[in-house]
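Participant: Quick one: this structure, given as structure tokens, is what I'll be asking you about.
There are 2 protein chains.
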Amino acid sequence: MTKTDLTAPSSAPVAAQPPPEDADERILKAAGKLFREKGFAATTVREIASAANMLPGSLHYRYASKDDVLLALMNRAVKRAMSAVRTAIGDVKDPVEKVRLALRAHLELLCNGDDSLYVLLFDWRSLPAGAREGVERERGRYESFWDGMLYEAHGSGRARPVLDIELVRHFGFGAINWVATWYRPGGERTPGQIADTFFAYLAYGLIHEPSRPKDLDTHFAAVMAASLKGQG
Amino acid sequence: MTKTDLTAPSSAPVAAQPPPEDADERILKAAGKLFREKGFAATTVREIASAANMLPGSLHYRYASKDDVLLALMNRAVKRAMSAVRTAIGDVKDPVEKVRLALRAHLELLCNGDDSLYVLLFDWRSLPAGAREGVERERGRYESFWDGMLYEAHGSGRARPVLDIELVRHFGFGAINWVATWYRPGGERTPGQIADTFFAYLAYGLIHEPSRPKDLDTHFAAVMAASLKGQG
DNA sequence: ATCGGTCTTGGTCATGCGGCCAAACCTGCC
DNA sequence: GGCAGGTTTGGCCGCATGACCAAGACCGAT
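Line order of the protein sequences matches chains Z and H. The first sequence begins at 1 in this note's numbering and counts up by one. The second sequence begins at 1 in this note's numbering and counts up by one.
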């Protein structure tokens, strides 16, 4: 497979003509794809190297261990997610609209972007215990960033008065992140459309207005009271 | 570790006094726990055997391969989920209430029950290609069962007229299943409370009534139209 | 008391893994 | 045009893995 590549650029003799710093990128991209498809533990260093078009030794030169590759990939995922969301909301002021745009950006990155975000979310267990703390901190910052947006939206007065922001974040993240388990590119819905639909579900609910209890604020307060501390 | 077990029952010489059919159960239980904690590929047959209090050879007697253990575990997960939900709804007639109870049952099994459901949901990639079809069929039946409940609830007239049932299921499953990634037993919310809160979010939405657009049915129809076929 | 079949034991085997390295290589700088 | 470093090469090593099995222990039936 490595030697029979007839589509290689003309008479390339042996090695080292692709751009130098691109090698790291190739490794992470290949690793992301493989980790996503088969999981971290089921992927071998040789496979990553081969997919990145290099020999195992070369990979070892950049990353001392397989764990290091995963670590770098996850850190990159947080960085990209954060920056994608920041870019998406731009200078929009409406705090509810910001949440919608952020949701779109997150889902689009997860579905169309590279695989690092998927690996961050779904291969969490593979991270060696020692490295977990660092990634956890970065991931925590991303989640706090979301909490900030949600607090803002909540503070705007347009959300229900009684809400548990952390639970809301978990709820939304779950719905959105789970898309990665069933979404297939080329389906009849784009990630942006899925995100908008989910946002509408989240914002307005699935029960038809005529069929709702009269005082939903009271209803929510009751449910939330049962949900906080104490088993009722 | 195997030989220094001083707490063994008195003078037990070598083998074979635990109940006979319990061995399978011990294997699946141990495997579920380990697969959940470390993932399928990162778990060794020896670890499973040791956790099930037997030697690797004994495990091999019951299951020809590690894949077989995973397969049995996953099939059991679908069976248990289906039966847990069926039991939970009992003979309740209200189709919306049925969904709430089903949600509770699913989440309680995922959080408090054995680990097989978690493995089914999160270690999907580890299933060998050959065995995938069978599990997929069973899992599909569970999902169809949910779709049936959702259709019923939708047909009752209490849900919004324009909804994509499959998308709704994905949405709810995502929110609920994701709980398994952050829930820790002994926290301040029980699975049942989380499920009820999530159901309230889902049913009634997070935006406060006074701040909603006037005609939400039209709003939803527009979002859904954009979400089905065509990129708009 | 003995027997037959079910189940467990404790170890072996080939395979493929992650980690590693010394030598060759290429490229830009003096 | 030669030199110094960063980079790649291709293969090696010790080890843990999944799969497997022959021998024996146990138990209920006779």
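Think of the CB as a built atom: it goes at the ideal place given N, C-alpha and C, for glycine as much as any other residue.
Run through DSSP, which three-state label would Z/Ala159 get?
Facilitator: For the purposes of this step, residue 159 of chain Z is taken as the residue at position 159 of the first sequence. Three-state DSSP puts Z/Ala159 in a strand.
Participant: Check whether chain Z comes within 7 Å of H/Trp182, counting only Cβ atoms and requiring the distance to be less than that.
Facilitator: Here the question's residue 182 of chain H lines up with position 182 in the second sequence. It does; some Cβ of chain Z falls within 7 Å.
Participant: How would you write the range of the alpha helix (DSSP H) that Z/Pro128 sits in, first residue to last?
Facilitator: To locate residue 128 of chain Z, count along the first sequence from 1; it is residue 128. Element bounds for Z/Pro128: n/a, residue is neither H nor E.
Participant: Does any residue of chain Z bring its CB to less than 7 Å from the CB of H/Lys214?
Facilitator: In the second sequence, residue 214 of chain H corresponds to position 214, counting from 1. No - not a single Cβ of chain Z is within 7 Å of the one on H/Lys214.
Participant: So with CB distances below 7 Å, who are the chain H contacts of Z/Phe220?
Facilitator: Position 220 of the first sequence holds residue 220 of chain Z. Those are Ala200, listed as they occur along chain H.
Participant: Is it buried or exposed, Z/Leu150, if we count other Cβ atoms within 10 angstroms and call 16 or more buried?
Facilitator: Here residue 150 of chain Z is taken as the residue at index 150 of the first sequence, counted from 1. Z/Leu150 should be labelled buried.
Participant: Any C-beta of chain H within less than 8 Å: which residues of the region 137-160 of chain Z qualify?
Facilitator: From the region 137-160 of chain Z, only Gly157, Arg158, Ala159, Arg160 have a Cβ closer than 8 Å to chain H.
Participant: Quick one: which unbroken alpha helix (DSSP H) runs of 4-plus residues sit fully inside the region 62-108 of chain Z? Chain order, please.
Facilitator: Counting whole runs of 4 or more residues, the region 62-108 of chain Z contains the alpha helix (DSSP H) stretches 66-89.
Participant: Which chain H residues are close to Z/Asn53, counting only those with a beta carbon under 7 Å from its beta carbon?
Facilitator: Position 53 of the first sequence holds residue 53 of chain Z. Within chain H, no residue comes near Z/Asn53; the closest Cβ sits about 24 Å away, beyond 7 Å.
Participant: Looking only at C-alpha atoms, which of Z/Val135, Z/Tyr204, Z/Arg46, Z/Trp182 sits nearest to H/Ser211?
Facilitator: As a first step, residue 211 of chain H must be located in the second sequence, where it is residue number 211. Selected option, being the one with the closest Cα: Z/Tyr204.
Participant: Are the region 91-110 of chain Z and the region 167-183 of chain Z touching by the rule of at least three beta carbon pairs closer than 8 Å?
Facilitator: Output reads yes: the region 167-183 of chain Z touches the region 91-110 of chain Z.
Participant: For a quick check, are the C-beta atoms of Z/Phe220 and Z/Arg160 less than 7 Å apart?
Facilitator: Within the first sequence, the letter at position 220 stands for residue 220 of chain Z. Within the first sequence, the letter at position 160 stands for residue 160 of chain Z. Yes, Cβ-Cβ distance for Z/Phe220 and Z/Arg160 is below 7 Å.
Participant: Would you kindly work out how many angstroms separate the C-alpha atoms of Z/Lys79 and H/Tyr183, rounded to a whole number?
Facilitator: Numbered from 1 along the first sequence, position 79 holds the residue referred to as residue 79 of chain Z. Numbered from 1 along the second sequence, position 183 holds the residue referred to as residue 183 of chain H. So the alpha carbons of these two residues sit roughly 25 Å apart.
Participant: Can you grab the Cα-Cα spacing for the pair H/Arg189 / Z/Ile27, in whole Å?
Facilitator: Within the second sequence, residue 189 of chain H is the residue found at index 189, counting from 1. Within the first sequence, residue 27 of chain Z is the residue found at index 27, counting from 1. Spanning the two alpha carbons is a distance of roughly 42 Å.
Participant: Any Cβ of chain H within less than 7 Å of the Cβ of Z/Gly39?
Facilitator: Residue mapping note: residue 39 of chain Z aligns to position 39 of the first sequence, counting from 1. It does: the Cβ of Z/Gly39 has a partner Cβ on chain H nearer than 7 Å.
Participant: What residues in the region 61-95 of chain H bring their beta carbon closer than 7 Å to a beta carbon of chain Z?
Facilitator: If the cut-off is 7 Å between Cβ atoms, the region 61-95 of chain H has nothing near chain Z.
Participant: Give me the DSSP bridge partner(s) of H/Asp207.
Facilitator: As a first step, residue 207 of chain H is located in the second sequence; it is residue number 207 there, counting from the start. Sequence inspection shows Ile at residue 207 of chain H; the Asp mentioned does not correspond to that position. H/Ile207 is bridged to Z/Ala159.
Participant: With a threshold of 6 Å on Cβ separation, who are the neighbours of Z/Pro95 within its own chain once the five nearest residues in sequence on each side are excluded?
Facilitator: Sequence index remark: in the first sequence, residue 95 of chain Z carries index 95 (1-based). Cβ neighbours of Z/Pro95 beyond the five flanking positions: Glu152, Ala153, Ser156.
Participant: Taking 7 Å as the CB-CB limit, is Z/Gly205 close to chain H?
Facilitator: As a first step, residue 205 of chain Z is located in the first sequence; it is residue number 205 there, counting from the start. By this cut-off, Z/Gly205 is an interface position.
Participant: Can you confirm whether Z/Asp24, when its beta carbon is compared against all beta carbons of chain H, has any partner nearer than 7 Å?
Facilitator: Position 24 of the first sequence, counted from the first residue, corresponds to residue 24 of chain Z. It does not: the Cβ of Z/Asp24 has no partner Cβ on chain H nearer than 7 Å.
Participant: Just checking: is the beta-carbon of Z/Arg125 within a distance shorter than 7 Å of some beta-carbon in chain H?
Facilitator: For the purposes of this step, residue 125 of chain Z is identified with residue 125 of the first sequence, where counting begins at 1. Chain H contact via Cβ: present.
Participant: In chain Z, which residues lie less than 7 Å from H/Glu209 when you measure between Cβ atoms?
Facilitator: The sequence position of residue 209 of chain H within the second sequence is 209, counting from 1. Those are Leu216, listed as they occur along chain Z.
Participant: Kindly list, in the order they appear in chain H, the residues whose Cβ is closer than 9 Å to that of Z/His106.
Facilitator: What you label residue 106 of chain Z is simply residue 106 of the first sequence in a count that begins at 1. The contacting residues do not exist; Z/His106 stays about 13 Å from chain H at best.
Participant: For H/Glu49 and H/Arg132, I'd like the C-alpha separation in whole angstroms.
Facilitator: Position 49 of the second sequence holds residue 49 of chain H. Position 132 of the second sequence holds residue 132 of chain H. First, the residue type needs correcting, since residue 49 of chain H is Ala and not Glu in the sequence shown. So the alpha carbons of these two residues sit roughly 24 Å apart.
Participant: Find the nearest neighbour of Z/Tyr142 within the set Z/Ala102, Z/Gly130, Z/Pro213, judged by alpha-carbon distance.
Facilitator: Working through the first sequence from its first residue, we reach residue 142 of chain Z at position 142. Nearest option by C-alpha distance: Z/Ala102.
Participant: Using a beta-carbon distance below 7 Å, is Z/Val135 in contact with chain H?
Facilitator: Within the first sequence, numbered from 1, the residue matching residue 135 of chain Z stands at position 135. It does not; no Cβ of chain H falls within 7 Å.
Participant: I'd like the span of the alpha helix (DSSP H) that includes H/Asn177, first residue to last.
Facilitator: By 1-based counting over the second sequence, the position of residue 177 of chain H is 177. 165-182 is the span of the alpha helix (DSSP H), which, as asked, contains H/Asn177.
Participant: For H/Phe173 and Z/Ala72, I'd like the C-alpha separation in whole angstroms.
Facilitator: Position 173 of the second sequence, counted from the first residue, corresponds to residue 173 of chain H. Position 72 of the first sequence, counted from the first residue, corresponds to residue 72 of chain Z. One C-alpha to the other measures close to 30 Å.
Participant: Does Z/Gly192 pass the burial test, meaning 16 or more other C-beta atoms within 10 Å, or should it be called exposed?
Facilitator: Start at 1 with the first residue of the first sequence, and residue 192 of chain Z comes out as number 192. Its Cβ being crowded by 16 or more others within 10 Å, Z/Gly192 is buried.
Participant: What in chain H is Cβ-close to Z/Leu167, meaning under 7 Å?
Facilitator: Sequence index remark: in the first sequence, residue 167 of chain Z carries index 167 (1-based). Per Cβ cutoff of 7 Å: Thr197.
Participant: Quick one: grab the DSSP three-state call for Z/Glu37.
Facilitator: As a first step, residue 37 of chain Z is located in the first sequence; it is residue number 37 there, counting from the start. Three-state DSSP puts Z/Glu37 in a helix.
Participant: Can a CB atom of chain H be found closer than 7 Å to the CB of Z/Glu21?
Facilitator: Reading the first sequence from its first residue, position 21 is the one you call residue 21 of chain Z. Because the pLDDT of Z/Glu21 is 48, which lies under 50, any placement of that residue in the model is unreliable, and the number read from its coordinates should be weighed accordingly. No, no contact with chain H.
Participant: Assuming Z/Thr181 contacts H/Leu167 under a Cβ cut-off of 8 Å, what Cβ separation, rounded to an integer in Å, is found between them?
Facilitator: In the first sequence, counting from the first residue as 1, residue 181 of chain Z sits at position 181. In the second sequence, counting from the first residue as 1, residue 167 of chain H sits at position 167. About 14 Å separates the two Cβ atoms, so there is no contact after all.
Participant: Please list, in chain order, the chain Z residues whose beta carbon lies closer than 8 Å to that of H/Ala226.
Facilitator: The residue you call residue 226 of chain H lines up with position 226 of the second sequence. Here the neighbours are Gln193, Asp196.
Participant: Is it buried or exposed for Z/Lys93, if we count other Cβ within 10 angstroms and need 16 for buried?
Facilitator: Walking along the first sequence from the start, residue 93 of chain Z turns up at place 93. The residue is exposed, with fewer than 16 neighbouring Cβ atoms inside 10 Å.
Participant: Measure the C-alpha to C-alpha separation of Z/Arg62 and Z/Thr87 and round it to an integer number of angstroms.
Facilitator: The count along the first sequence starts at 1 and reaches residue 62 of chain Z at position 62. The count along the first sequence starts at 1 and reaches residue 87 of chain Z at position 87. Using only the alpha carbons, I get a separation of about 30 Å.
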